[in-house]
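Chemist: Before anything else, here's the structure in question.
Protein chains: 2
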Amino acid sequence: MSKIKVLLLGATGETGASVLEGLAADDAFHVSIAVRHSSTDKPAVRALVARGFPVIEVDLNTKLDPSPLTPFNTVISCIGPEAQQSQLNLATAAKAAGVKRFVPCAFITICPPGGVMQLRDAKEEVYNHIFRLHLPYTIIDTGFWHQISFPPLPSGRLDDIHFMGENNLYGDGSAPNLLTDLRDIGRFVARIIKDPRTLNKKVFTWSDELSQNEIYAVAENLSGETIDKNPVSLAEMESIVAKAKQDLDADPTNIMAKMALWTQEYNLSKCFRRDNTRKNALYLGYLDARDLYPDFQPVSFVDYFKEILQGNGKKPYAGRW
Amino acid sequence: MSKIKVLLLGATGETGASVLEGLAADDAFHVSIAVRHSSTDKPAVRALVARGFPVIEVDLNTKLDPSPLTPFNTVISCIGPEAQQSQLNLATAAKAAGVKRFVPCAFITICPPGGVMQLRDAKEEVYNHIFRLHLPYTIIDTGFWHQISFPPLPSGRLDDIHFMGENNLYGDGSAPNLLTDLRDIGRFVARIIKDPRTLNKKVFTWSDELSQNEIYAVAENLSGETIDKNPVSLAEMESIVAKAKQDLDADPTNIMAKMALWTQEYNLSKCFRRDNTRKNALYLGYLDARDLYPDFQPVSFVDYFKEILQGNGKKPYAGRW
Numbered sequence: 004m005s006k007i008k009v010l011l012l013g014a015t016g017e018t019g020a021s022v023l024e025g026l027a028a029d030d031a032f033h034v035s036i037a038v039r040h041s042s043t044d045k046p047a048v049r050a051l052v053a054r055g056f057p058v059i060e061v062d063l064n065t066k067l068d069p070s071p072l073t074p075f076n077t078v079i080s081c082i083g084p085e086a087q088q089s090q091l092n093l094a095t096a097a098k099a100a101g102v103k104r105f106v107p108c109a110f111i112t113i114c115p116p117g118g119v120m121q122l123r124d125a126k127e128e129v130y131n132h133i134f135r136l137h138l139p140y141t142i143i144d145t146g147f148w149h150q151i152s153f154p155p156l157p158s159g160r161l162d163d164i165h166f167m168g169e170n171n172l173y174g175d176g177s178a179p180n181l182l183t184d185l186r187d188i189g190r191f192v193a194r195i196i197k198d199p200r201t202l203n204k205k206v207f208t209w210s211d212e213l214s215q216n217e218i219y220a221v222a223e224n225l226s227g228e229t230i231d232k233n234p235v236s237l238a239e240m241e242s243i244v245a246k247a248k249q250d251l252d253a254d255p256t257n258i259m260a261k262m263a264l265w266t267q268e269y270n271l272s273k274c275f276r277r278d279n280t281r282k283n284a285l286y287l288g289y290l291d292a293r294d295l296y297p298d299f300q301p302v303s304f305v306d307y308f309k310e311i312l313q314g315n316g317k318k319p320y321a322g323r324w
Numbered sequence: 004m005s006k007i008k009v010l011l012l013g014a015t016g017e018t019g020a021s022v023l024e025g026l027a028a029d030d031a032f033h034v035s036i037a038v039r040h041s042s043t044d045k046p047a048v049r050a051l052v053a054r055g056f057p058v059i060e061v062d063l064n065t066k067l068d069p070s071p072l073t074p075f076n077t078v079i080s081c082i083g084p085e086a087q088q089s090q091l092n093l094a095t096a097a098k099a100a101g102v103k104r105f106v107p108c109a110f111i112t113i114c115p116p117g118g119v120m121q122l123r124d125a126k127e128e129v130y131n132h133i134f135r136l137h138l139p140y141t142i143i144d145t146g147f148w149h150q151i152s153f154p155p156l157p158s159g160r161l162d163d164i165h166f167m168g169e170n171n172l173y174g175d176g177s178a179p180n181l182l183t184d185l186r187d188i189g190r191f192v193a194r195i196i197k198d199p200r201t202l203n204k205k206v207f208t209w210s211d212e213l214s215q216n217e218i219y220a221v222a223e224n225l226s227g228e229t230i231d232k233n234p235v236s237l238a239e240m241e242s243i244v245a246k247a248k249q250d251l252d253a254d255p256t257n258i259m260a261k262m263a264l265w266t267q268e269y270n271l272s273k274c275f276r277r278d279n280t281r282k283n284a285l286y287l288g289y290l291d292a293r294d295l296y297p298d299f300q301p302v303s304f305v306d307y308f309k310e311i312l313q314g315n316g317k318k319p320y321a322g323r324w
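The listed protein sequences correspond, in order, to chains A and B.
No gaps in the numbering here: position 196 of the first sequence is 199 in the working numbering, and each next residue is one more.
No gaps in the numbering here: position 117 of the second sequence is 120 in the working numbering, and each next residue is one more.
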């Protein structure tokens, strides 16, 4: 059987790198990477070229010539959170090129549209554009990553790979959350995009559904350390979000305010609204990737935490934020 | 088995009346009607009271007391197109009351959200509110009614029951359109709302999928009359829609501009964008009621047209627009 030709945008990002490795490890696919003109000389791109991945240069800021997309069965976008709207031109070109499956940049927590998370709503605008085009699609959400879900330890031994934040405890800490190991995303995507059952569907991936209380218990039990938690109330969260919105309204280029808003809206949605759960995903019409692929063995949060305690962790977004 | 307690809002409207009759004809249901305070003395409401339907008075403009909704398993809204947002309070109260299935006022053509039809987007805001509440729901769309899809005849013999408009032919007249007889909506709803497969799903009903060309052919063949068609181009449609938007921006209370906008956006979506098709409904994630209920015998457009040629038609919206 001939290979499925896939074009991947954002292959040097965290999610994109996972997707690239997942597809590259699967003989079913032939993967090319889409790179913006301004990025072709970046070391991360040159490293992928050196590994033999063909490169398609794209300019997402203008109407795209669809012809470079014509050879591709599937286009996957793992574009950065700040550039969601540049997928509009990409989707239009993909439709004109006859692409059979467009995978927009979803890859976040489960959350309804319409005012809960600005980042979600930016993605929903892209989805609506896809729907208006009648463009075949698959939306893949992944919950929160193990890699940014573990707490730092008092001993400091995880500080090198810990992404950010203190040991906050949101509300009573009991909200369950879908988690996926960042490295599993690509392996899930490889299954999902060759599956006719997932065409024109939303799919979610997960290894565990854990509350903060359960995560802290895992961390304390496996490390032998006792973690002081900093309780954060709903009122505090809402006031932080309101402040970030205010700052962003005053200066839409204020990247720190945008980061604060996105981060805290994640926390509000996950930890207080309880949006990022299996039950809610099914309610919102998602297919469960674990139901679709019962033989898939995801890396559990416990196994991930054991790994990093042994010194085998890697800090996400290193050098990029 | 005890009956399913249903509360129906908008029972005196066209869709609501169909739903009421469909449920009343089915022993599975016990139907009550929700009526706004200001409407309790209307003759149409008094007629329903006389038939024995219990009445619940509601004030949709303020936060609702959920307790009157507590006895109901299912709440169905068939509210008028201009009052979609008043469902927000109703949905919030339904959630608080523990309602097991909320059927918002959908009941229109298949169309993606996000700028194609203002009426659709008003409904989508209600759906997003439902999703944010995690309120169990079923969204039921019905395509276009037979009752407003047939052309008037040159002889004038259908003028008494023809709703509005000339014999326009949009584009090349070949866009297929899902159609449902208005009277079948209630019968479909009775099936749909007692079916666990439709919980938290979108469902569409239809009897036929016909183009304007096919509808004109049916009308000419069955009537023996030749119909002059007035061709309308995409450019003309877009200019009419743009004008209506302008008028509405200038005066949001301009009901004629709003009606023009809604009507012409229907036409743009149905006849040019080809949104109101079975293929698009499945693409957008709807379940097909005909697949769910293969024994259901809907009234076909041909049978409906034969009926009205025999003088058995009824003008929709009579006395209300």
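Built from N, CA and C at the ideal position, the CB exists for glycine as well.
Computed from a prediction, not measured in an experiment: that's the story for all the values here.
Which value, in whole angstroms, describes the spacing of the CA atoms of Thr145 of chain A and Ile258 of chain A?
Modeler: In the first sequence, the residue the question calls residue 145 of chain A occupies position 142. In the first sequence, the residue the question calls residue 258 of chain A occupies position 255. Each residue's alpha carbon lies about 24 Å from the other.
Chemist: What is the DSSP secondary structure of Trp265 of chain A, counted as helix, strand or coil?
Modeler: As a working note, residue 265 of chain A is residue 262 in the first sequence. In the structure shown, the three-state DSSP call for Trp265 of chain A is helix.
Chemist: Does the structure place the stretch 69-82 of chain A close enough to the stretch 16-23 of chain A that three or more beta carbon pairs sit under 8 Å?
Modeler: yes
Chemist: Residues in its own chain within less than 6 Å of Phe110 of chain B by CB, not counting five upstream and five downstream?
Modeler: In the second sequence, counting from the first residue as 1, residue 110 of chain B sits at position 107. Within the same chain, Phe110 of chain B has close Cβ partners Thr18, Thr145.
Chemist: Straight-line CA distance for Ala260 of chain A to Gln87 of chain A?
Modeler: Stepping through the first sequence from its first residue, residue 260 of chain A is reached at position 257. Stepping through the first sequence from its first residue, residue 87 of chain A is reached at position 84. One C-alpha to the other measures close to 18 Å.
Chemist: According to DSSP, is Ser242 of chain B helix, strand or coil?
Modeler: For the purposes of this step, residue 242 of chain B is taken as residue 239 along the second sequence, with counting starting at 1. Three-state DSSP puts Ser242 of chain B in a helix.
Chemist: Are the CB atoms of Gly101 of chain B and Lys205 of chain B within a distance shorter than 8 Å?
Modeler: The sequence position of residue 205 of chain B within the second sequence is 202, counting from 1. The sequence position of residue 101 of chain B within the second sequence is 98, counting from 1. For Lys205 of chain B and Gly101 of chain B, no; Cβs fall outside 8 Å.
Chemist: Give the interface partners of Glu17 of chain A over in chain B, defined as CB-CB distance under 8 Å, in chain order.
Modeler: As a first step, residue 17 of chain A must be located in the first sequence, where it is residue number 14. Residues of chain B passing the Cβ test: none, with the nearest at roughly 28 Å.
Chemist: May I ask you to report which of helix, strand or coil DSSP gives Ile195 of chain B?
Modeler: One-based indexing of the second sequence puts residue 195 of chain B at position 192. DSSP places Ile195 of chain B within a helical segment (H, G or I) once states are collapsed to three.
Chemist: Would Leu264 of chain B count as contacting chain A if we go by Cβ distances under 8 Å?
Modeler: For the purposes of this step, residue 264 of chain B is identified with residue 261 of the second sequence, where counting begins at 1. With 8 Å as the cut-off, Leu264 of chain B does not count as an interface residue toward chain A.
Chemist: Ignoring anything shorter than 3 residues or poking outside the stretch 121-156 of chain A, list the beta strand (DSSP E) runs there in chain order.
Modeler: 141-144
Chemist: Whole angstroms is fine: what's the gap from Gly117 of chain A's alpha carbon to Asn131 of chain B's?
Modeler: One-based indexing of the first sequence puts residue 117 of chain A at position 114. One-based indexing of the second sequence puts residue 131 of chain B at position 128. Each residue's Cα considered, the two are about 6 Å apart.
Chemist: For Arg323 of chain B and Pro115 of chain A, what's the separation of their Cα atoms in angstroms?
Modeler: To locate residue 323 of chain B, count along the second sequence from 1; it is residue 320. To locate residue 115 of chain A, count along the first sequence from 1; it is residue 112. The predicted position of Arg323 of chain B is uncertain, since its pLDDT is 45 and thus under 50; a value taken from the coordinates is nonetheless stated next. Roughly 37 Å separates the two Cα atoms.
Chemist: Apart from the five residues just before and just after Leu67 of chain A, which ones in its own chain have a Cβ nearer than 8 Å to its Cβ?
Modeler: In the first sequence, the residue the question calls residue 67 of chain A occupies position 64. Closer than 8 Å at the Cβ level, and outside the excluded window around Leu67 of chain A, lie Val61, Asn92, Leu93, Thr95, Ala96.
Chemist: Please tell me whether Trp324 of chain A has its Cβ less than 8 Å away from any Cβ of chain B.
Modeler: By 1-based counting over the first sequence, the position of residue 324 of chain A is 321. With a pLDDT of 39 at Trp324 of chain A, under the threshold of 50, the modelled position of that residue is not reliable, and the figure given next carries that caveat. No, Trp324 of chain A does not count as interfacial toward chain B.
Chemist: Output the distance between the C-alpha atoms of Glu217 of chain B and Thr43 of chain B, rounded to the nearest integer angstrom.
Modeler: The residue you call residue 217 of chain B lines up with position 214 of the second sequence. The residue you call residue 43 of chain B lines up with position 40 of the second sequence. Cα to Cα, the separation comes out at about 44 Å.
Chemist: Quick check on Phe299 of chain A: does DSSP put it in helix, strand or coil?
Modeler: To locate residue 299 of chain A, count along the first sequence from 1; it is residue 296. Three-state DSSP puts Phe299 of chain A in coil, outside helix and strand.
Chemist: Would you mind sorting Gln215 of chain A into buried or exposed? The rule is 16 or more other CB atoms within 10 Å of its CB.
Modeler: As a working note, residue 215 of chain A is residue 212 in the first sequence. When all chains shown are included, Gln215 of chain A counts as buried.
Chemist: Which class does Ala178 of chain A belong to by DSSP, given the choice of helix, strand or coil?
Modeler: Numbered from its first residue, the first sequence carries residue 178 of chain A at position 175. Reduced to three states, the DSSP call for Ala178 of chain A is coil.
Chemist: Listing by chain order, which chain B residues have their CB less than 7 Å from the CB of Leu287 of chain A?
Modeler: Locating residue 287 of chain A in the first sequence gives position 284, where the first residue counts as 1. By Cβ distance, chain B contributes Phe134.
Chemist: Mind pulling the beta strand (DSSP E) runs of 3 or more residues that sit fully within the stretch 36-123 of chain A?
Modeler: 58-61, 77-80, 104-106
Chemist: Could you confirm whether any beta carbon from chain A is found closer than 8 Å to the beta carbon of Glu241 of chain B?
Modeler: Within the second sequence, numbered from 1, the residue matching residue 241 of chain B stands at position 238. Closer than 8 Å: no.
Chemist: For His137 of chain A, go through chain B and note every residue whose CB falls closer than 7 Å to its CB, in chain order.
Modeler: As a working note, residue 137 of chain A is residue 134 in the first sequence. By Cβ distance, chain B contributes Asn283, Tyr286.
Chemist: Suppose you measure from the CA of Asn171 of chain A to the CA of Asn224 of chain A; what does that come to, to the nearest Å?
Modeler: The residue labelled residue 171 of chain A in the question sits at position 168 within the first sequence. The residue labelled residue 224 of chain A in the question sits at position 221 within the first sequence. Each residue's Cα considered, the two are about 18 Å apart.
Chemist: Evaluate Ser242 of chain A with the Cβ neighbour count: other Cβ atoms within 10 Å of its Cβ, from every protein chain shown; 16 or more gives buried, anything less gives exposed.
Modeler: As a position in the first sequence, residue 242 of chain A is number 239, starting the count at 1. Ser242 of chain A comes out exposed.
Chemist: Report the residues of the stretch 118-131 of chain B with a CB closer than 9 Å to any CB of chain A, ordered along the chain.
Modeler: Residues are counted here when their Cβ sits less than 9 Å from a Cβ of chain A; for the stretch 118-131 of chain B these are Gly118, Val119, Glu127, Glu128, Tyr130, Asn131, given in chain order.
Chemist: What did DSSP end up calling Lys273 of chain A once you bin it into helix, strand or coil?
Modeler: Taking the first sequence and counting its residues from 1, one reaches residue 273 of chain A at position 270. Helix, per DSSP.
Chemist: Using Cβ-Cβ distances below 7 Å, what residues of the stretch 94-120 of chain B are close to chain A?
Modeler: Those would be Pro115, Pro116, Gly117, Val119, in chain order.
Chemist: Which bits of chain B does Asn203 of chain A rub up against, with CB to CB less than 9 Å?
Modeler: Along the first sequence, one-based indexing puts residue 203 of chain A at 200. Simply Leu285, Tyr286, Leu287, Gly288.
Chemist: In whole angstroms, what is the alpha-carbon distance linking Thr280 of chain B and Leu181 of chain B?
Modeler: For the purposes of this step, residue 280 of chain B is identified with residue 277 of the second sequence, where counting begins at 1. For the purposes of this step, residue 181 of chain B is identified with residue 178 of the second sequence, where counting begins at 1. Approximately 6 Å, taken between the alpha carbons.
Chemist: Check whether the stretch 245-252 of chain A and the stretch 260-272 of chain A touch, using three or more Cβ-Cβ pairs below 8 Å as the test.
Modeler: yes
Chemist: If you check the beta carbons only, do Thr175 of chain A and His149 of chain A fall under 8 Å apart?
Modeler: Working through the first sequence from its first residue, we reach residue 175 of chain A at position 172. Working through the first sequence from its first residue, we reach residue 149 of chain A at position 146. It should be pointed out that residue 175 of chain A corresponds to Asp in this sequence rather than to Thr. Cβ atoms of Asp175 of chain A and His149 of chain A: not closer than 8 Å.
Chemist: Go to Leu23 of chain B, then tell me how far its alpha helix (DSSP H) extends in each direction, as first and last residue.
Modeler: One-based indexing of the second sequence puts residue 23 of chain B at position 20. Its alpha helix (DSSP H) spans residues 17-27.
Chemist: In chain order, what residues of the same chain lie with their CB nearer than 6 Å to the CB of Gly316 of chain B, ignoring the 5 residues before and after it?
Modeler: Counted from its first residue, the second sequence places residue 316 of chain B at position 313. Result list for Gly316 of chain B: Ile164, in chain order.
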